[in-house]
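Here the structure comes first, spelled out in C-alpha cells, and everything after it is commentary.
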Amino acid sequence: MISADMDLIGQLQPHTPTRFVKVDMETALTARKDRAALVDQIRALF
C-alpha cells in the first residue's frame, strides 16, 4: 500500500473487492507527488 492511495483505501466499504499491484519506489514517490499536487490544486479553488 503506497501513501498516495491511503485516502482511497480508507473510503472503501467493507467487503469491496480490492486489487493490489506491485510498484517500485520511484513509481510510489511519483504517485505521492502527483496526489499532493492534485490536493493543492483543489485547495486553491476554495
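So for the sequence shown, this note's numbering puts the first residue at 30; every next one is plus one. Don't be surprised by glycine CBs; every beta carbon is placed ideally from N, CA and C. All of these numbers come straight from a predicted model, not from anything done at the bench.
Could you pull out every residue in the same chain whose Cβ sits closer than 8 Å to the Cβ of residue i, ignoring the five residues on either side in sequence?
| i | result |
| --- | --- |
| V52 | I31 and A60 |
| Q42 | none |
| D63 | A33 |
Tell me which residues share the same chain as residue i and place their Cβ nearer than 6 Å to its Cβ, disregarding the 5 neighbours each side in the sequence.
| i | result |
| --- | --- |
| Q40 | none |
How far does the alpha helix (DSSP H) with residue i in it extend, from its first residue to its last?
| i | result |
| --- | --- |
| L41 | Looking at the DSSP string, L41 is not in any alpha helix (DSSP H), and its letter there is neither H nor E. |
| A57 | M54 to L74 |
In whole angstroms, give me the CA-to-CA distance for residue i and residue j.
| i | j | result |
| --- | --- | --- |
| A57 | D34 | 10 Å |
| I28 | L74 | Outside the displayed span of the chain (30 to 75) sits residue 28, for which this structure offers no information. |
| L67 | T47 | 23 Å |
| D69 | M54 | 23 Å |
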